[in-house]
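In what follows, a single structure is set out as structure tokens and then discussed.
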Amino acid sequence: MTSTQSPPRRSRLDNELRAQLAVPSRLSAGGRGGTGFGTFLASLGGTSRSVTAKIVSFAVTIAVALIAALPIVYLSGSNAQVALQALIGGSWGSPQAVAETFVQTIPLLITGLAVALAFHGGIFNIGVEGQLIIGALAAGIVGATQHLPGSLLLLASLASGMIAGALWALIPALLKAYRGVHEVVTTIMMNYIAINISTFAVTTGGPFAAKTQPSATEKVPLDAQLPVITPGTRLHAGLFIAIAVIVILMWVLYRTPAGFRLRLMGANPQAAAATGISLPRTMITAMLGSGAIAGLAGAVQVLGVYGRYFDGFSPGYGYSAIAVALLGALSPVGIAAAALFFGTLDAGAVQLQAVAGISREMVSVVSGLVVAFVAAQPAIFRLLHHLQRTVLAGRTARRAAAPVLPPPINGDNDLISAGLDNKEVL
Amino acid sequence: MRSAAVRLVDISKSYGDVWANKDISLTVEEASIHGLLGENGAGKSTLMKILFGMVSPDSGLLEVNGQPAAFRSSADALEHGIGMVQQHFSLIGTFTVAENLILGRGSQSFGGRWVKRLDLKAAAQRTRELSDRFGFGIDPFALCHDLSVGARQKVEILKALWGGATTLVLDEPTAALSPPEAEELYEVLERLRREGTTVILISHKLPEVMRLCDRVTVLRDGAVVGDREIALAARRPGGQRAAMEADLVQLMIGRERPVVSQRAPRDLPPVLSIRELSDGKRIDGLDLTVNGGEILAIVGVEGNGQSELVELLIGQRKRISGAVELDGTDITALSTKQRFDKGLAHIAEDRHASAIADSMSLTDNASFGFIDGAPFAPTPFWLSRRLRSRFAALLVARQNVRASSPDALIESLSGGNQQKLVVARELARAPRLMIAAQPTRGLDIASTTAVHEALLALRDRGSAVLLLSLDLTEVFTVADRIAVIRGGRIVGESPIATADATQIGQWMSGAASKEPV
Ligand SMILES: Nc1ncnc2c1ncn2[C@@H]1O[C@H](COP(=O)(O)OP(=O)(O)OP(=O)(O)O)[C@@H](O)[C@H]1O
Ligand SMILES: [Mg+2]
Numbered sequence: 049m050t051s052t053q054s055p056p057r058r059s060r061l062d063n064e065l066r067a068q069l070a071v072p073s074r075l076s077a078g079g080r081g082g083t084g085f086g087t088f089l090a091s092l093g094g095t096s097r098s099v100t101a102k103i104v105s106f107a108v109t110i111a112v113a114l115i116a117a118l119p120i121v122y123l124s125g126s127n128a129q130v131a132l133q134a135l136i137g138g139s140w141g142s143p144q145a146v147a148e149t150f151v152q153t154i155p156l157l158i159t160g161l162a163v164a165l166a167f168h169g170g171i172f173n174i175g176v177e178g179q180l181i182i183g184a185l186a187a188g189i190v191g192a193t194q195h196l197p198g199s200l201l202l203l204a205s206l207a208s209g210m211i212a213g214a215l216w217a218l219i220p221a222l223l224k225a226y227r228g229v230h231e232v233v234t235t236i237m238m239n240y241i242a243i244n245i246s247t248f249a250v251t252t253g254g255p256f257a258a259k260t261q262p263s264a265t266e267k268v269p270l271d272a273q274l275p276v277i278t279p280g281t282r283l284h285a286g287l288f289i290a291i292a293v294i295v296i297l298m299w300v301l302y303r304t305p306a307g308f309r310l311r312l313m314g315a316n317p318q319a320a321a322a323t324g325i326s327l328p329r330t331m332i333t334a335m336l337g338s339g340a341i342a343g344l345a346g347a348v349q350v351l352g353v354y355g356r357y358f359d360g361f362s363p364g365y366g367y368s369a370i371a372v373a374l375l376g377a378l379s380p381v382g383i384a385a386a387a388l389f390f391g392t393l394d395a396g397a398v399q400l401q402a403v404a405g406i407s408r409e410m411v412s413v414v415s416g417l418v419v420a421f422v423a424a425q426p427a428i429f430r431l432l433h434h435l436q437r438t439v440l441a442g443r444t445a446r447r448a449a450a451p452v453l454p455p456p457i458n459g460d461n462d463l464i465s466a467g468l469d470n471k472e473v474l
Numbered sequence: 002m003r004s005a006a007v008r009l010v011d012i013s014k015s016y017g018d019v020w021a022n023k024d025i026s027l028t029v030e031e032a033s034i035h036g037l038l039g040e041n042g043a044g045k046s047t048l049m050k051i052l053f054g055m056v057s058p059d060s061g062l063l064e065v066n067g068q069p070a071a072f073r074s075s076a077d078a079l080e081h082g083i084g085m086v087q088q089h090f091s092l093i094g095t096f097t098v099a100e101n102l103i104l105g106r107g108s109q110s111f112g113g114r115w116v117k118r119l120d121l122k123a124a125a126q127r128t129r130e131l132s133d134r135f136g137f138g139i140d141p142f143a144l145c146h147d148l149s150v151g152a153r154q155k156v157e158i159l160k161a162l163w164g165g166a167t168t169l170v171l172d173e174p175t176a177a178l179s180p181p182e183a184e185e186l187y188e189v190l191e192r193l194r195r196e197g198t199t200v201i202l203i204s205h206k207l208p209e210v211m212r213l214c215d216r217v218t219v220l221r222d223g224a225v226v227g228d229r230e231i232a233l234a235a236r237r238p239g240g241q242r243a244a245m246e247a248d249l250v251q252l253m254i255g256r257e258r259p260v261v262s263q264r265a266p267r268d269l270p271p272v273l274s275i276r277e278l279s280d281g282k283r284i285d286g287l288d289l290t291v292n293g294g295e296i297l298a299i300v301g302v303e304g305n306g307q308s309e310l311v312e313l314l315i316g317q318r319k320r321i322s323g324a325v326e327l328d329g330t331d332i333t334a335l336s337t338k339q340r341f342d343k344g345l346a347h348i349a350e351d352r353h354a355s356a357i358a359d360s361m362s363l364t365d366n367a368s369f370g371f372i373d374g375a376p377f378a379p380t381p382f383w384l385s386r387r388l389r390s391r392f393a394a395l396l397v398a399r400q401n402v403r404a405s406s407p408d409a410l411i412e413s414l415s416g417g418n419q420q421k422l423v424v425a426r427e428l429a430r431a432p433r434l435m436i437a438a439q440p441t442r443g444l445d446i447a448s449t450t451a452v453h454e455a456l457l458a459l460r461d462r463g464s465a466v467l468l469l470s471l472d473l474t475e476v477f478t479v480a481d482r483i484a485v486i487r488g489g490r491i492v493g494e495s496p497i498a499t500a501d502a503t504q505i506g507q508w509m510s511g512a513a514s515k516e517p518v
């Protein structure tokens with residue numbers, strides 16, 4: 049009646065159902081109509097409506113943040129139009145500018161994916177910054193000290209960056225899985241340790257300090273660095289690595305048992321455990337993966353941008369990554385869009401200062417506002433809804449006692465509420 | 002005729018191409034108990050959420066106490082004297098009762114909201130007054146997750162009544178209650194009616210509907226199919242009542258109440274044997290054997306170790322001593338996953354806590370426990386979405402689950418349909434031992450029978466079923482043998498054919514233990 053042999057590779061399943069599964073039937077929903085990118089995206093995540101909702105919430109959040117930045121731009125004595133022109137020109141105005149935008153985007157993108165991976169399992173990996181630094185340091189050390197043929201050394205450096213990042217994440221993961229220590233606390237502590245270890249490693253007199261350059265390792269041989277892909281710019285092959293990470297993460301999250309276990313743990317840990325998923329193991333795997341991606345981001349910076357490990361190279365990528373992941377609603381494609389937005393701001397900052405005469409710190413103000421509005425998304429949607437309602441109520445009043453009820457605050461039939469619902473998960 | 006407390010006129014609401022409500026009109030008299038009946042997914046909860054301002058109708062009109070009303074939120078509805086107890090608990094476990102009751106209440110003004118001190122003392126005082134008024138005996142300072150299910154249900158009712166509601170909507174309030182707790186609730190409702198409160202009661206339990214309601218409205222597929230006055234004579238058990246019940250069933254499902262077929266007893270070797278099992282806390286030297294082809298019902302007063310026993314069996318609780326054997330092999334050292342592979346299946350008592358994940362799709366929820374190995378994941382690098390979605394469609398067809406598509410969020414299914422999916426999923430494991438805890442919680446009459454039939458079919462295939470149920474009718478319908486649990490051990494067993502209700506009652510309360518049986 050039942051199949052009991054080789055349990056690990058075969059789910060125990062009612063024989064009749066197993067037979068029915070083998071024959072495609074009219075009942076199945078496999079052959080839903082509709083093709084195209086939207087359907088493809090929808091098939092990866094939830095329904096297409098939630099994709100639309102994510103896009104709406106993304107756009108609204110950015111728009112609100114930019115509007116909120118206007119008074120500050122005005123106060124700093126510039127004109128919004130000039131500022132915007134400088135910002136766009138500096139980030140998308142020329143091939144060089146575009147390349148620079150991508151250079152700024154890459155670390156945000158990869159670290160954003162690292163944060164999202166853990167987040168899907170309900171784990172707050174605030175330690176991406178530390179994992180990034182340790183990964184960068186490991187890549188820099190291996191690249192500068194090992195004697196291997198070029199491409200092999202490149203691979204070894206990237207791999208050591210990932211391993212170092214993963215191991216750095218393993219400590220909080222073990223503490224969480226077996227001792228219940230909250231990961232937010234431990235990962236933050238690990239960040240400080242990472243920063244200080246890396247500073248020690250490359251200060252003058254430290255074990256890996258360069259002879260000619262203070263606070264850095266020796267240079268990685270040129271043939272073991274990530275090649276520049278558009279000559280005359282800094283844009284390096286790390287872009288392909290970032291794209292590969294997006295694709296792999298989408299596949300892992302939505303098309304593998306491990307991704308399913310992770311998402312189920314994030315959605316309802318008790319149900320996950322009760323249906324046979326080992327929470328400690330899933331948690332540790334997730335943190336290892338997240339740490340490895342963060343370490344990879346560090347290695348890519350070292351091997352693609354600087355050619356060596358520099359102390360303090362990260363302006364807080366690991367923290368911006370949290371905002372990137374949230375703005376991207378944890379979906380890999382959304383995170384790419386969010387990272388591109390922040391990358392645009394960073395790249396445009398130079399022009400902003402040169403042309404519009406606005407201090408480049410103004411860009412930090414805008415990113416800060418975006419972060420704030422990401423956090424405030426539910427409130428924004430509530431406000432929008434309120435406006436929509438008042439307008440609607442006004443209209444119905446003019447039409448005199450229409451027998452239609454206004455939508456409730458927590459309505460379920462419009463995009464704005466859908467966006468709101470989406471955000472409540474975060 | 003008394004005046005109408007609530008009037009709903011031509012309410013319609015659709016989700017995609019599903020009409021949850023279609024031109025529903027309903028008048029509820031003041032100071033009466035009005036029943037709302039219908040199969041799973043008939044649209045009862047949706048209609049009441051519309052009345053409570055949680056869902057906006059596509060069209061229709063709402064009247065409260067003769068005045069047209071338009072609620073934009075449940076806060077609005079509360080202000081108009083309408084309170085609602087949802088199908089699922091909405092209390093925050095780590096908050097006290099009083100804190101839960103004032104959540105989201107209070108001043109709407111800026112000063113009131115942000116500047117004024119939160120007066121917890123007054124809230125506790127008021128909680129105590131309200132609780133005393135209904136004889137609930139609830140401690141305002143108790144944390145909600147420490148309360149029993151019955152007590153939590155009472156807190157939900159207090160929450161609905163807090164703002165002085167004159168109309169109270171209860172969505173399947175007794176689904177999770179034991180018979181004595183339900184009895185207490187009935188008395189509260191009768192008292193509320195005497196004091197002038199209007200009650201709308203959604204229920205699948207005909208006896209309670211017959212006992213309490215003055216009038217019932219029956220929904221089917223989102224539309225009203227009938228409206229009946231329940232005569233006083235029909236409220237007492239007897240001939241007229243049976244006729245009335247049959248009439249309501251006919252209205253609800255369009256045919257007569259299905260009967261569960263009875264089967265002859267079997268004699269197969271034990272599937273589950275538990276010896277001297279202890280967890281050091283709630284389970285204390287428990288012995289139990291369930292044979293193949295047998296349905297064993299465990300009954301007992303809630304909190305006597307039922308949940309803990311289940312957790313021990315599925316490997317979610319630490320055992321300190323004793324043995325558990327499944328088909329002759331010891332499973333105490335196995336993980337939950339390994340036990341499932343050995344032939345265990347589990348219909349969880351609390352669906353939302355441990356059987357489904359609200360934010361995932363129907364397809365994902367149907368896949369729990371099937372994600373390792375063929376056919377869905379032949380390698381660790383691939384989990385087929387197409388096959389899982391086909392699998393979900395098969396389960397949906399098997400248990401007659403009503404859902405718009407396999408991609409729909411499980412949240413969008415009606416409560417009963419979620420339960421049907423869980424049951425179908427667990428049956429799909431081809432279990433040797435099915436642990437069924439409240440398997441028909443929230444199910445309508447036809448689905449309840451379908452689940453009973455499925456359990457009996459398992460039994461006929463030689464599997465064992467461990468049934469935990471608060472519903473004695475259910476126990477007597479399907480079980481072969483009945484065992485009573487008290488204080489973490491089995492205190493009495495009896496074949497169902499010779500089971501004696503008084504004896505079982507004594508075992509449950511502990512009265513019998515003093516005298517030799
Ligand atoms: N948010 C939603 N999105 C999509 N469909 C929904 C949603 N809410 C309800 N439905 C659909 O509307 C129909 C009615 O659901 P409702 O919850 O009102 O049923 P019910 O009568 O309360 O059933 P039950 O007895 O199982 O609780 C169902 O088919 C359900 O799938
Ligand atoms: Mg319902």
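So the sequence lines, in the order shown, correspond to chains A and B.
Residue numbering for the first sequence follows the numbering used here, starting at 49 and increasing by one per position.
Residue numbering for the second sequence follows the numbering used here, starting at 2 and increasing by one per position.
Where a beta carbon is used, it is the ideal one built from N, C-alpha and C, also for glycine.
- B:V479 and B:H353 have their alpha carbons spaced roughly 25 Å apart.
- The residues V163, in chain order, have a CB closer than 6 Å to that of A:I370 in the same chain once the five nearest residues on each side in sequence are set aside.
- Cβ-Cβ distances below 6 Å link B:R399 to A425 in the same chain, with the five nearest sequence neighbours on each side left out; the list follows chain order.
- Sequence-ordered contacts of the region 121-145 of chain B with chain A are nonexistent [C-beta pairs closer than 9 Å].
- For B:S60, the three-state secondary structure derived from DSSP is strand.
- Neighbours of A:L165 in chain B, taken as residues at a C-beta separation under 7 Å, are lacking, since the least C-beta distance is about 17 Å.
- Residue environment analysis places B:K45 among the buried positions, since at least 16 neighbouring C-beta atoms fall within 10 angstroms of its C-beta.
- Relative to ligand 1, the beta carbon of B:A447 is positioned no closer than 7 Å to any heavy atom.
- Counted as a single uninterrupted DSSP element, the alpha helix (DSSP H) harbouring A:T159 occupies residues P143 to H168.
- Put simply, the region 482-489 of chain B touches the region 285-305 of chain B. At least three CB pairs are less than 8 Å apart.
- Within the region 206-243 of chain B, the complete alpha helix (DSSP H) segments of 4 residues or longer fall at 207-213 and 233-236, listed in chain order.
- In the three-state DSSP reduction, B:P496 falls in the strand class (E or B).
- Shortest Cα-Cα distance from A:H168 to any of A:G346, A:G314, A:L435 and A:I428 involves A:G314.
- For the set B:R340, B:N366, B:S413 and B:G240, the Cα lying nearest the Cα of A:A320 is the one of B:N366.
- For A:Y365, the uninterrupted alpha helix (DSSP H) segment begins and ends at Y365 to L375.
- Apart from the 5 residues on each side of it in sequence, B:G344 sits with its Cβ closer than 6 Å to the Cβ of P432 and R433 in its chain, given in chain order.
- Chain order gives the chain A residues near B:S355 as Q318, A319 and A322, where near means a beta carbon separation below 7 Å.
- By the criterion of a C-beta distance shorter than 8 Å, B:A378 is surrounded in its chain by I372, L384 and S385, once the five residues flanking it on both sides are discounted.
- Among the residues of the region 18-44 of chain B, none has a Cβ less than 9 Å away from any Cβ of chain A.
- Here the alpha carbons of B:V56 and A:A111 stand approximately 29 Å from one another.
- In this structure, ligand 1 has a non-hydrogen atom nearer than 7 Å to the beta-carbon of B:Y16.
- Judged by beta-carbon spacing, B:I231 lies within the 8 Å limit of B:D215, meaning their Cβ atoms are closer than that value.
- B:I357 sits close to B:Q419, with the two beta carbons spaced by under 8 Å.
- The DSSP-derived three-state label of B:L37 is strand.
- Your pair B:I139 and B:L171 does not check out as a contact, with CB atoms roughly 17 Å apart and the cut at 8 Å.
- Relative to the non-hydrogen atoms of ligand 2, the Cβ of B:Q339 never comes closer than 7 Å to any of them.
- In the three-state DSSP reduction, B:N22 falls in the strand class (E or B).
- The Cβ of B:G344 sits closer than 8 Å to at least one Cβ of chain A.
- Rounded to whole angstroms, the gap between the alpha carbons of A:E409 and B:A177 is 58 Å.
- According to DSSP, B:G374 shares a beta bridge with B:A378.
- Annotation: A:S205 to A:I211 spans about 10 Å, alpha carbon to alpha carbon.
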